[in-house]
Each structure stands twice: as C-alpha cells, then as structure tokens.
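Quick note on numbering that gives the first Met the number 0: the sequence shown kicks off at 0 and runs consecutively. First comes the structure, then the notes that go with it.
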Amino acid sequence: MMTDPAQPPASAPAPTPVDPALPARVLLRNGENGAAIGASFYEQVGGRPFFEKLVTEFYRGVAGDPVLKPMYPEEDLGPAAARLTGFLEQYWGGPGTYSEQRGHPRLRQRHQPFKVNPDARDRWLLHMRAAVDSAELPELQRTVLWDYLERAAHAMLNTFDD
C-alpha cells in the first residue's frame, strides 16, 4: 500500500499546539518525546531572585523616561514591578502566582489603555536591553530571553500615532 509522504504515519503523535500563554522552556529531552533533561528556564537562570533583579534594573530606566513613566498609574513603580516579576517568572516556568492573582495575562488587552507606539516600544526595549545585559546570562539563556522580550514588545504596539 502506498502512503502519502506529506502525511505523517497513522502511528505518529499529533504535534502539540503552541500556546503562548504557557511557560516557555529551554529544555533538552532524552528522545523525540522523552522526558526533560535538566531544569526549566526559570530554574536555569536562578528563579525569582533573577527576575526580581531583572525587573528592578528595567524599572530603574523607566523611572527616568519621560515617555514611559507617565504610563504607570501608581506614583511608585513597585506595584508594576511586582506584576512584571510575577508574569515573567510564571511565563518562564516558575510559580503560577500571577494568574492566580490576576487571571489570564491578556497582555495586549492590559496595554490597550496606553499609547504604545514605536517610540514607546523602542524605549521599553532600550531599558529592558540594559536590564538583560546587566544580568550577565550565558549566551543561550540571554538569546532566548531577549528573543521573547523583543517579540512581546512588538506585539504590544497599538498605534503609530506620536
């Protein structure tokens, strides 16, 4: 019996759909569908202390930015830092506290009230790049983290008006 090479064999497992709300991981596996070898990205980078430091460095830049700072409704950036820390640690495989406290991340919806134009995006990336660089991560983790942050920043654009 001839089979269509474009179709996977009936015994092949269906591909797992990618859900952007699920934690991203940089994992090695002991076979195509094998168990993970090693720790989640969250564990690889040092867990909550890493994300707290990253977010602290990021908001150090935001605090003096004339475009970004007005987007934060609280006078103190502490609540925003706590939200970002919780989101990042959950996304990268840490505890699900963010969703337990705030529900689904809905990033685009949460950013809709703010004018996120290319200038705001670029400033956000500038401060986040400084924070990532200050973390002195190994190349693989730095690249994986930066790739996500860059894609997320571009996805938050909601206007091209100045």
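Ideal Cβ positions, reconstructed from N, Cα and C, are used throughout, including at glycine.
Cβ-Cβ separation, residue j to residue i (assumed contact under 8 Å), whole Å
i	j	result
M155	H126	Incorrect: roughly 14 Å between the Cβ atoms, too far for contact.
A81	T55	At roughly 11 Å, the Cβ-Cβ gap does not stay under 8 Å, so A81 and T55 are not in contact.
F50	E88	5 Å
G92	S39	3 Å
A119	L67	6 Å
N116	D160	6 Å
Q108	V44	Rounded, the Cβ-Cβ distance is 28 Å, inconsistent with contact.
E99	L124	In fact, because the Cβ distance is near 29 Å, the residues do not count as touching under 8 Å.
Start-to-end residues for the alpha helix (DSSP H) that takes in residue i
i	result
P48	R47 to A62
T142	E138 to A154
E42	F40 to Q43
Those runs of the alpha helix (DSSP H) which lie wholly inside the segment 70–123 and span at least 4 residues | Taking 4 residues as the shortest admissible run, the segment 70–123 contains the following complete alpha helix (DSSP H) segments, listed from N- to C-terminal end: 77–90, 96–101 and 106–110.
Taking contact to mean at least 3 C-beta pairs separated by less than 8 Å, is the segment 147–161 in contact with the segment 44–55?
-> Result no; under three Cβ-Cβ pairs closer than 8 Å.
Are at least three pairs of beta-carbons, each pair with one atom in the segment 126–135 and one in the segment 143–151, less than 8 Å apart?
-> yes
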